[in-house]
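Q: Following numbering that gives the first Met the number 0, the residues of the sequence shown are numbered contiguously, the last one being 328. For every residue, glycine included, the Cβ atom is placed at its ideal position computed from N, Cα and C.
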Amino acid sequence: MDVHKILSDKIERLPIGDHTEGIKAVLFHIGTAVRHLQRGQAESDESYFTDAIYRCNQAFEGSIKEAYRVLAAENPEKKTPAEIEIFLQNGKLLKKRVLDLFSNYRREWRNPSTHDYKLLFHEDESLLAIVSVTVFAIVLCDQILTKLTFESSRADVVESSVPEEIKGDLLSFVAEKIRAFASNYVVKPDDVTTLSSSYAEIEGAIGGFLSAEFAKISGLSILLSPVLDDRYEADLLVSLGGEHIALEIRSLHGRVPISSIYELSTSKVRSLLQKNRKVTGVVMLFYNAQEADYIIGGGSATGFGANVRVVMARESFKELERLYPPKKS
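#1: Roughly how many whole angstroms lie between the Cα atoms of serine 210 and alanine 179?
#2: Do you know whose CA, among Asn306, Val156, Ile143 and Asp1, lies nearest alanine 245's CA?
#3: Going by alpha carbons, who is nearest to glutamate 318 out of Ser62, Ser259, Ala32 and Lys23?
#4: In this structure, what does DSSP give as the bridge partners for phenylalanine 303?
#5: Which value, in whole angstroms, describes the spacing of the CA atoms of arginine 321 and aspartate 292?
#6: If you pair each beta-carbon of the region 93-109 with each one of the region 127-138, do three or more pairs fall below 8 Å?
#7: Give me, in chain order, the residues of the same chain whose beta-carbon lies closer than 6 Å to that of phenylalanine 208; leave out the 5 immediate sequence neighbours on both sides.
#8: I'd like to check one pair, glycine 61 with alanine 32: are the Cβ atoms closer than 9 Å?
#9: Who does leucine 235 pair with in a DSSP beta bridge?
#10: Can you check which of these residues, Lys146, Met283 and Ile295, is closest to alanine 204 by C-alpha distance?
#11: Leucine 98 lies in the alpha helix (DSSP H); which residues open and close that run?
#12: DSSP three-state call for leucine 13: helix, strand or coil?
#13: Beta-carbon within less than 8 Å of serine 315's beta-carbon, same chain only, minus the 5 sequence neighbours each way: which residues are those?
#14: Count the other CB atoms within 10 Å of the CB of proline 188; is the residue buried (16 or more) or exposed (fewer)?
#15: Is the distance from the Cβ of phenylalanine 86 to the Cβ of alanine 71 below 9 Å?
#16: Mapping the DSSP letters down to three states, classify phenylalanine 316 as helix, strand or coil.
#17: How many Å lie between arginine 313 and glycine 296 at the Cα?
#18: Using a beta-carbon distance below 9 Å, is serine 210 in contact with chain C?
#19: Cα separation between glutamate 248 and aspartate 155?
#20: Would histidine 18 and cysteine 55 qualify as a contact pair, given that the criterion is a beta-carbon distance under 9 Å?
#21: Can you list, in chain order, the residues of its chain whose CB lies under 6 Å from that of alanine 66, leaving out five sequence neighbours each side?
#22: Check for me: the beta strand (DSSP E) holding phenylalanine 285 runs from which residue to which?
#23: Please name the residue, chosen from Arg254, Ile294, Val69 and Tyr231, that lies closest to serine 264 on a Cα-to-Cα basis.
#24: Between the C-alpha atoms of valine 191 and leucine 6, what's the straight-line distance to the nearest angstrom?
#25: Determine the extent of the alpha helix (DSSP H) in which glycine 30 is found, giving its start and end residues.
#26: Look at proline 225 and leucine 236 and say whether their C-beta atoms are less than 9 Å apart.
#27: From this set, His114, Lys77, Met283 and Ile137, which residue's C-alpha is nearest arginine 96's C-alpha?
#28: What first and last residue would you give for the alpha helix (DSSP H) that runs through isoleucine 83?
#29: With distances taken from CA atoms, which of His35, Asp44, Gln57 and Asn275 is nearest valine 22?
#30: Looking at the structure shown, is isoleucine 5 part of a helix, part of a strand, or coil, going by DSSP?
#31: I'd like to check one pair, isoleucine 177 with valine 282: are the Cβ atoms closer than 9 Å?
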């Protein structure tokens, strides 16, 4: 697996903006770190391994600056790296898996190399640092893509069709809006083969769409990737009054059988509803880029109650009904 190539592809998929130059600099620093590693190996000179770490640190700093620029919508040039790190660590802007990688790189590589000028690194350590900072940049690019798509999707909604008050329950209302979104969302042809990036775009696009559609509703909030407990991070959370609707997104594109994806997702949702009393309902979207006719079901095939809605292409529902035939009473 070529993680450098994966990062390069992620960067190419990001829309052009103020962040572009900085993100490309991150890729350059990582490429330079790789060359330092290779030169150290070829010349048996361990000083190059330490040089590789310092280049990784530059890539790390560039990554967090551009993340701050996009996620916080602030100019990072007005902040010190330390201020940005503290903000990202405490500001609840980073997804949990991104925050874990962020904390790990700071602890294992950046802080030791920054504060101990006598420290020398070995070949294996420089390799681990390169992989760590590259993976961090990769998942950060996905989160940046989600935020950029969120803003773009929100701007695309010319005028909200939703009244100032919702009649009925929030769960059904959100499910219908997600069904309408899925039926009209168009994925570019090349997106179909890049699951993680298209997933990031779908997550952001839904969030932006709902944010614009629900703009007139006083007190309604939409959160991207909220951490609901120590183990569960929803893709989206829509809250109004005492109702909190979590969104779980899954892609049906690929070779994984629909039954496997559905069973894993339903198991996760059941666990959430049992352990987290804040969540009053869940909408599960099973998105297929090659389908446009979506319907809403209650998930009765696997025993869900009234607090879950399943949004899925009609053809996919037919396959589920074949796999999980209704139980005879």
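A: Taking the coordinates as given:
#1: Here residue 210 is taken as the residue at index 211 of the sequence shown, counted from 1. Here residue 179 is taken as the residue at index 180 of the sequence shown, counted from 1. Each residue's alpha carbon lies about 14 Å from the other.
#2: Translated into positions along the sequence shown, residue 245 becomes position 246. Comparing Cα-Cα distances from alanine 245 to each of Asn306, Val156, Ile143 and Asp1, the minimum goes to Asn306.
#3: By one-based count along the sequence shown, residue 318 stands at place 319. Comparing Cα positions, the closest option is Ser259.
#4: The count along the sequence shown starts at 1 and reaches residue 303 at position 304. Its beta-bridge partners do not exist; DSSP assigns none.
#5: As a working mapping, residue 321 is identified with position 322 in the sequence shown. As a working mapping, residue 292 is identified with position 293 in the sequence shown. Their Cα atoms are separated by approximately 19 Å.
#6: yes
#7: By one-based count along the sequence shown, residue 208 stands at place 209. Closer than 6 Å at Cβ, skipping near neighbours: Ser152 and Phe180.
#8: Locating residue 32 in the sequence shown gives position 33, where the first residue counts as 1. Locating residue 61 in the sequence shown gives position 62, where the first residue counts as 1. No, they are not a contact pair.
#9: The residue labelled residue 235 in the question sits at position 236 within the sequence shown. Answer is Leu223 and Leu246.
#10: Counted from its first residue, the sequence shown places residue 204 at position 205. Selected option, being the one with the closest Cα: Lys146.
#11: Locating residue 98 in the sequence shown gives position 99, where the first residue counts as 1. Taken as a continuous stretch (DSSP letters only), the alpha helix (DSSP H) holding leucine 98 covers 95-104.
#12: Position 14 of the sequence shown, counted from the first residue, corresponds to residue 13. Reduced to three states, the DSSP call for leucine 13 is coil.
#13: Your numbering for residue 315 matches position 316 in the sequence shown. Here the set comprises Leu251, Ile257, Phe285, Asn287 and Glu290.
#14: The count along the sequence shown starts at 1 and reaches residue 188 at position 189. Low local confidence applies: a pLDDT of 49 at proline 188 is under 50, so the model's placement there is unreliable, with the coordinate-based value given in what follows. The residue is exposed, with fewer than 16 neighbouring Cβ atoms inside 10 Å.
#15: Within the sequence shown, residue 86 is the residue found at index 87, counting from 1. Within the sequence shown, residue 71 is the residue found at index 72, counting from 1. In this structure, alanine 71 lies closer than 9 Å to phenylalanine 86 by Cβ.
#16: As a position in the sequence shown, residue 316 is number 317, starting the count at 1. Helix.
#17: By one-based count along the sequence shown, residue 313 stands at place 314. By one-based count along the sequence shown, residue 296 stands at place 297. Taking the straight line from one Cα to the other gives about 10 Å.
#18: Structure shown: chain C not included; a single protein chain is present.
#19: Stepping through the sequence shown from its first residue, residue 248 is reached at position 249. Stepping through the sequence shown from its first residue, residue 155 is reached at position 156. Correcting the residue type first, residue 248 is isoleucine in the shown sequence and not glutamate. Distance between the alpha carbons of isoleucine 248 and aspartate 155 is about 21 Å.
#20: On the sequence shown, position 19 is the one that residue 18 refers to. On the sequence shown, position 56 is the one that residue 55 refers to. No, these two residues do not count as a Cβ contact at 9 Å.
#21: The count along the sequence shown starts at 1 and reaches residue 66 at position 67. Leu139, listed in sequence order.
#22: Looking up residue 285 in the sequence shown gives position 286. Unbroken beta strand (DSSP E) run through phenylalanine 285: 280-286.
#23: For the purposes of this step, residue 264 is taken as the residue at position 265 of the sequence shown. Residue Tyr231 is the option with its Cα nearest to serine 264.
#24: Locating residue 191 in the sequence shown gives position 192, where the first residue counts as 1. Locating residue 6 in the sequence shown gives position 7, where the first residue counts as 1. Because the pLDDT at valine 191 is just 47, under 50, the model does not fix this residue reliably, and the value given afterwards should be weighed accordingly. C-alpha separation (whole angstroms): 18 Å.
#25: For the purposes of this step, residue 30 is identified with residue 31 of the sequence shown, where counting begins at 1. Looking at the DSSP string, the run of the alpha helix (DSSP H) that includes glycine 30 is 19-42.
#26: Stepping through the sequence shown from its first residue, residue 225 is reached at position 226. Stepping through the sequence shown from its first residue, residue 236 is reached at position 237. Yes, the Cβ-Cβ distance between proline 225 and leucine 236 is below 9 Å.
#27: As a first step, residue 96 is located in the sequence shown; it is residue number 97 there, counting from the start. Among His114, Lys77, Met283 and Ile137, the Cα nearest to that of arginine 96 belongs to Ile137.
#28: For the purposes of this step, residue 83 is taken as residue 84 along the sequence shown, with counting starting at 1. Unbroken alpha helix (DSSP H) run through isoleucine 83: 80-89.
#29: As a working mapping, residue 22 is identified with position 23 in the sequence shown. The question names valine, but residue 22 is isoleucine in the sequence shown. It is Gln57.
#30: What you label residue 5 is simply residue 6 of the sequence shown in a count that begins at 1. The answer is helix: DSSP assigns isoleucine 5 an H, G or I state.
#31: Within the sequence shown, residue 282 is the residue found at index 283, counting from 1. Within the sequence shown, residue 177 is the residue found at index 178, counting from 1. For valine 282 and isoleucine 177, yes; Cβs fall inside 9 Å.
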